[in-house]
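Visitor: Residue numbers (the numbering used here): 503 to 577.
Glycine included, each C-beta is placed from N, C-alpha and C at the ideal position.
One structure coming up, written as structure tokens, with questions to follow.
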């Protein structure tokens, strides 16, 4: 099975993650991480919108990104 372009970009970003950071990528309208899909409340959101809901965007590559939860934010 071949990976999506977004998942391939996520693989390329993974070596740049530090402690407390996570790589996410978009499949259709849903964001996914290494532990599966992010909660439903993030469906359809842009990277910019995620940053307004307690997630700090470290690196934005469009369909994949490195994020970190802001202190005190629930993911």
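Flag this pair as yes or no: are the beta carbons of residue 530 and residue 566 separated by less than 7 Å?
Guide: Here the question's residue 530 lines up with position 28 in the chain shown. Here the question's residue 566 lines up with position 64 in the chain shown. No; because the gap between Cβ atoms is not below 7 Å, this pair is not in contact.
Visitor: Does DSSP put residue 539 in a helix, in a strand, or in coil?
Guide: As a first step, residue 539 must be located in the chain shown, where it is residue number 37. In the structure shown, residue 539 sits in a strand (DSSP, three-state: E or B).
Visitor: What span of residues does the alpha helix (DSSP H) with residue 557 cover, start to end?
Guide: Counted from its first residue, the chain shown places residue 557 at position 55. Segment 557-562 is the beta strand (DSSP E) holding residue 557; no alpha helix (DSSP H) there.
Visitor: Within the same chain, show all residues whose beta-carbon is closer than 6 Å to that of residue 544, passing over the 5 residues directly before and after it, in chain order.
Guide: As a working note, residue 544 is residue 42 in the chain shown. These residues qualify, in order along the chain: 533.
Visitor: Is it right to say residue 514 is buried, meaning 16 or more other beta carbons lie within 10 angstroms of its own, or is it exposed?
Guide: Within the chain shown, numbered from 1, the residue matching residue 514 stands at position 12. Exposed, because fewer than 16 other Cβ atoms sit within 10 Å of the Cβ of residue 514.
Visitor: Looking at the secondary structure, which residues open and close the beta strand (DSSP E) in which residue 528 lies?
Guide: Stepping through the chain shown from its first residue, residue 528 is reached at position 26. It spans 523-529 - the beta strand (DSSP E) in which residue 528 sits, taken as one unbroken run.
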